[in-house]
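Since the structure comes first, as structure tokens, the remarks are kept for the end.
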Amino acid sequence: MTAEDGSRLDAHFSVEQNDIILASRGGAKGQRSQVNADYTRALLLLISRLARAAIPISGAWVDSKTVQSLPLSARSILSQNEGSLPPEQICSLLSSRMKDVRSDPDSTAKGGNSTKRIRIATGFGGSSEELATQLGGVAAEGDFRSMERLPADVLRRATPEFIWRAVQQYVQGNVPDDPFGPSTDYDLIADDGQRLRPKAVFGLALSMALGGEPIGPRHFTAGGLCFTLLQEAGYQIVPKGEAYESPDTESYIDREWREGGAKLKSHLKRERALGLAKAKKAQYRRTHGRLTCERCGLDPVAHYKAEEAEACIEVHHFVTHVSDMAEGHKTTLDDLQCLCANCHRLVHRILSVQKKKE
Numbered sequence: 001m002t003a004e005d006g007s008r009l010d011a012h013f014s015v016e017q018n019d020i021i022l023a024s025r026g027g028a029k030g031q032r033s034q035v036n037a038d039y040t041r042a043l044l045l046l047i048s049r050l051a052r053a054a055i056p057i058s059g060a061w062v063d064s065k066t067v068q069s070l071p072l073s074a075r076s077i078l079s080q081n082e083g084s085l086p087p088e089q090i091c092s093l094l095s096s097r098m099k100d101v102r103s104d105p106d107s108t109a110k111g112g113n114s115t116k117r118i119r120i121a122t123g124f125g126g127s128s129e130e131l132a133t134q135l136g137g138v139a140a141e142g143d144f145r146s147m148e149r150l151p152a153d154v155l156r157r158a159t160p161e162f163i164w165r166a167v168q169q170y171v172q173g174n175v176p177d178d179p180f181g182p183s184t185d186y187d188l189i190a191d192d193g194q195r196l197r198p199k200a201v202f203g204l205a206l207s208m209a210l211g212g213e214p215i216g217p218r219h220f221t222a223g224g225l226c227f228t229l230l231q232e233a234g235y236q237i238v239p240k241g242e243a244y245e246s247p248d249t250e251s252y253i254d255r256e257w258r259e260g261g262a263k264l265k266s267h268l269k270r271e272r273a274l275g276l277a278k279a280k281k282a283q284y285r286r287t288h289g290r291l292t293c294e295r296c297g298l299d300p301v302a303h304y305k306a307e308e309a310e311a312c313i314e315v316h317h318f319v320t321h322v323s324d325m326a327e328g329h330k331t332t333l334d335d336l337q338c339l340c341a342n343c344h345r346l347v348h349r350i351l352s353v354q355k356k357k358e
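Residue numbering for the sequence shown follows the UniProt record's numbering, beginning at 1 and increasing consecutively.
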């Protein structure tokens with residue numbers, strides 16, 4: 001970043017769409033290890049240049065990795081109304097408030113850091129490059145990819161629905177090229193046992209969730225929240241070369257269903273296919289707002305007055321029953337139905353009786 005006289009400051013920022021990310025200051029003062037030593041000066045320059053260019057500020061948040069899992073409301077340090085205050089007053093609010101944003105919101109610790117990584121949202125209507133130029137940005141030497149990392153609340157938009165869709169795209173060979181290199185340490189196990197690159201799958205899922213926005217390796221790191229979301233979507237992440245638990249094992253079928261015939265067990269195994277049920281639930285929740293039974297209309301959360309009651313909703317093949325599926329049949333989410341546990345068991349009991357009569 002450049003000062004008013006054109007000299008370079010020891011301060012780095014990046015622009016993501018309309019957001020400005022100011023990197024934190026680090027290292028001991030006066031030591032060679034110190035980075036972004038001109039943080040405070042740069043912050044005032046950024047806010048002043050926004051004001052001079054009449055670019056509105058719509059909010060600001062602490063964006064350190066340690067707090068990215070917190071909701072935006074817990075790390076907000078400037079409101080939209082406060083964005084029109086004088087630059088010096090805005091900087092004073094930012095510096096004092098960011099001290100109180102911690103990974104543990106209940107902490108009563110005194111003091112705090114006033115030079116954290118922060119994200120400032122603006123109403124700029126041009127490109128990222130134009131905004132960076134207006135703010136006095138210059139291309140930085142070295143690797144500053146970490147400054148382009150997306151916050152946790154954005155990464156969480158890659159729900160099980162989009163992760164399942166991304167897995168299907170890779171399994172079916174519909175992704176001819178992507179910006180992600182080969183995985184080095186871990187594999188994601190797909191429905192048919194294929195080993196896929198976890199970061200590539202997550203990148204495609206996130207791109208889908210963001211309406212096709214290009215997502216590359218610089219936007220997130222492998223492991224951490226990326227792997228957590230993949231596993232929460234129902235997929236195994238295993239070290240390269242290590243064995244994994246096959247979805248055909250009996251542990252994937254509830255004990256109460258094991259007395260069924262071979263076709264019924266096959267049906268259940270397909271319904272418990274890696275990621276399938278979670279993807280359908282995520283799709284239904286996105287479309288309808290909450291999970292309900294499509295057969296009897298039960299809203300378990302309203303009935304039991306507890307969010308945990310969503311566990312009562314299960315997923316069932318209803319367009320094409322498993323026994324009628326041809327070899328290589330590809331299930332889509334629209335082939336599935338969300339049923340409460342009672343209706344699901346009733347439907348399977350009816351199926352079981354019908355098969356015995358055949």
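Glycine included, C-beta positions come from ideal geometry on N, C-alpha and C.
Looking only at DSSP bridge pairs, what is residue i linked to?
| i | result |
| --- | --- |
| Leu313 | In the sequence on display, residue 313 carries Ile and not Leu. Ile313 is bridged to Cys340. |
| Tyr186 | Pro239 |
| Asp19 | Glu16 and Ala121 |
| Trp61 | Ser76 and Arg119 |
| Thr2 | Arg8 |
| Gly26 | Val35 |
| Leu230 | None, per the DSSP bridge assignment. |
Starting from residue i, trace the beta strand (DSSP E) both ways and give me its first and last residue.
| i | result |
| --- | --- |
| Arg119 | Ile118 to Thr122 |
| Phe13 | Phe13 to Glu16 |
| Gly126 | First-last for Gly126: undefined, no H or E at that position. |
Among the options, whose alpha-carbon lies nearest the alpha-carbon of residue i?
| i | options | result |
| --- | --- | --- |
| Arg102 | Arg75, Ser14, Arg349 and Pro198 | Arg75 |
| Gln17 | Tyr284, Ser128 and Ala306 | Ser128 |
| Val154 | His219, Ala53 and Ala233 | His219 |
| Gly181 | Gln89, Asn342, Thr221 and Ser95 | Thr221 |
| Pro87 | Gly112, Phe227 and Ala53 | Ala53 |
| Ser92 | Glu130, Ala121, Gln134 and Arg41 | Arg41 |
| His12 | Gln34, Tyr304 and Gly137 | Gly137 |
| Ser96 | Lys278, Ile215, Thr228 and Ile77 | Ile77 |
| Glu130 | Val15, Val347, Pro198 and Pro71 | Val15 |
| Pro239 | Gly211, Gly203 and Arg195 | Arg195 |
| Phe202 | Leu94, Gly193, Pro160 and Asp191 | Pro160 |
| Gly112 | Lys99, Asp106, Phe124 and Gln236 | Lys99 |
Can you tell me where the alpha helix (DSSP H) holding residue i begins and where it ends?
| i | result |
| --- | --- |
| Ile90 | Pro87 to Met98 |
| Val154 | Ala152 to Leu155 |
| Tyr244 | Unbroken run through Tyr244: none, as it is neither H nor E. |
| Leu276 | Leu276 to His288 |
| Ala302 | Pro300 to Tyr304 |
How many whole angstroms separate the CB atoms of residue i and residue j, which I take to be in contact at a CB cut-off of 8 angstroms?
| i | j | result |
| --- | --- | --- |
| Asp178 | Ala200 | 5 angstroms |
| Thr332 | His317 | Not a contact, Cβ separation roughly 11 angstroms. |
| Ser64 | Ser114 | Not quite, the Cβ-Cβ distance comes to about 12 angstroms (not below 8 angstroms), so this is no contact. |
| Ser58 | Gly83 | 6 angstroms |
| Leu46 | Ile20 | 6 angstroms |
| Glu294 | Leu339 | 6 angstroms |
| Val175 | Gly275 | Not really, about 17 angstroms apart at Cβ, beyond 8 angstroms. |
| Leu230 | Leu188 | 6 angstroms |
| Ala152 | Gln68 | 4 angstroms |
- Query: Mind pulling the alpha helix (DSSP H) runs of 4 or more residues that sit fully within the region 164–220?
  - Reply: Given a length threshold of 4 residues, each whole run of the alpha helix (DSSP H) inside the region 164–220 is given here in chain order: 198–209.
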